[in-house]
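Oh and the sequence shown: position 199 is 199 in UniProt numbering, straight run, nothing missing.
Note that the Cβ used here is the ideal one computed from N, Cα and C, for glycine as well.
A quick note: this is a predicted structure, and the numbers were derived from the prediction, not measured.
The structure appears right after this line, and notes come after that.
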Amino acid sequence: MDYLTIKEMPKDARPRERLEQYGPEALSNQELLAITLSTGSVTGGKKYTAIDLATQLLRHFESLKGIAQADFVQLQALQGIGPAKACQIMAAFELGKRVAMFSTTTKPVIRHPTDIFDYFRDQMSLLTKEVFRVVALDTKNRIIRDKVISEGTLNASIVHPRDVFRFAVVHSAATVILLHNHPSGDSTPSQEDLNITRRLVEAGKMMDIQVLDHIIIAGGKFTSMKERSLL
Numbered sequence: 001m002d003y004l005t006i007k008e009m010p011k012d013a014r015p016r017e018r019l020e021q022y023g024p025e026a027l028s029n030q031e032l033l034a035i036t037l038s039t040g041s042v043t044g045g046k047k048y049t050a051i052d053l054a055t056q057l058l059r060h061f062e063s064l065k066g067i068a069q070a071d072f073v074q075l076q077a078l079q080g081i082g083p084a085k086a087c088q089i090m091a092a093f094e095l096g097k098r099v100a101m102f103s104t105t106t107k108p109v110i111r112h113p114t115d116i117f118d119y120f121r122d123q124m125s126l127l128t129k130e131v132f133r134v135v136a137l138d139t140k141n142r143i144i145r146d147k148v149i150s151e152g153t154l155n156a157s158i159v160h161p162r163d164v165f166r167f168a169v170v171h172s173a174a175t176v177i178l179l180h181n182h183p184s185g186d187s188t189p190s191q192e193d194l195n196i197t198r199r200l201v202e203a204g205k206m207m208d209i210q211v212l213d214h215i216i217i218a219g220g221k222f223t224s225m226k227e228r229s230l231l
């Protein structure tokens with residue numbers, strides 16, 4: 001069979017032309033990835049169109065979520081994906097995450113644990129390592145700012161009350177919410193999670209800054225320590 005480039009495909013079958021005519025929502029994941037990749041590649045004498053590469057990515061990583069979680073090395077393990085294309089893929093997914101961060105023009109009021117989960121879900125549900133974040137709130141429970149305190153396996157040695165409450169004081173927080181993820185997909189608090197939470201709650205009392213909750217995000221679900229009476 002002769003090799004068929006995208007330019008040689010019928011116009012109504014080309015991803016870019018289809019996007020122009022029907023809009024991005026009408027395209028498949030494969031087509032959107034092909035547009036992101038822009039061009040094909042030649043590896044080991046074998047030619048790959050952008051559609052070939054997109055198909056290979058979806059097959060290997062099984063879903064868009066799988067591709068989004070892949071790192072630089074994992075992406076380049078696929079035939080036809082070099083450093084430039086790995087960068088294109090990672091940049092596209094990072095832009096999506098950043099758009100999700102600013103999906104609302106005003107900072108939300110946190111009335112329920114679900115509010116904090118909804119606000120941070122897109123940022124944290126796909127992470128492949130544990131990230132601990134503190135969220136500063138004003139007197140009306142509106143988010144002032146948030147900050148990543150640590151990355152990696154959560155333990156008391158890397159989550160220090162000094163770092164958490166220095167951030168809270170600098171931003172004049174009335175209260176704070178603690179937040180971290182479980183890449184395993186299980187949102188059940190570990191004993192270390194409980195120990196860290198109790199330590200931070202006690203430190204907050206001394207600083208007169210209340211810890212309202214500690215939320216654990218795991219994929220599409222979460223656990224509120226406040227709701228479980230674990231604070």
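In the displayed model, Lys-47 falls within a strand according to three-state DSSP. For Ala-77, no beta strand (DSSP E) segment is defined, and its DSSP state is neither H nor E.
Phe-72 has its alpha-carbon roughly 32 Å from the corresponding atom of Phe-167. For the region 117–176, the continuous alpha helix (DSSP H) assignments of 4+ residues that do not extend past its boundaries occur at 161–170, in sequence order.
Distances from the alpha-carbon of Lys-97 to those of His-180, Leu-75, Leu-127 put Leu-127 closest. Judged by beta-carbon spacing, His-180 lies within the 8 Å limit of Phe-132, meaning their Cβ atoms are closer than that value. Beta-bridge analysis with DSSP links Gln-210 to Thr-175.
Short of 8 Å from the beta carbon of Gln-88, and not among the five residues preceding or following it, lie these beta carbons of its own chain, in chain order: Thr-36, Leu-37, Ser-38.
In this structure, the beta-carbon distance from Gln-79 to Thr-49 does not fall below 8 Å. Out of Pro-161, Glu-25, Ile-158, Gly-220, the CA that lies nearest to the CA of Gly-185 is found in Gly-220. The C-beta distance from Val-176 to Val-211 rounds to 6 Å, short enough to meet the 8 Å contact threshold. Bounds of the beta strand (DSSP E) holding Thr-223 are 221–224.
Secondary-structure assignment with DSSP links Val-201 through no beta bridge to anything. For Leu-64, the closest alpha carbon among the candidates Glu-94, Leu-154, Pro-83, Glu-202 is that of Glu-94. Judged by DSSP secondary structure, Arg-18 falls within the alpha helix (DSSP H) whose first and last residues are 15–22. In the structure shown, His-60 falls within a helical segment according to DSSP collapsed to helix, strand and coil.
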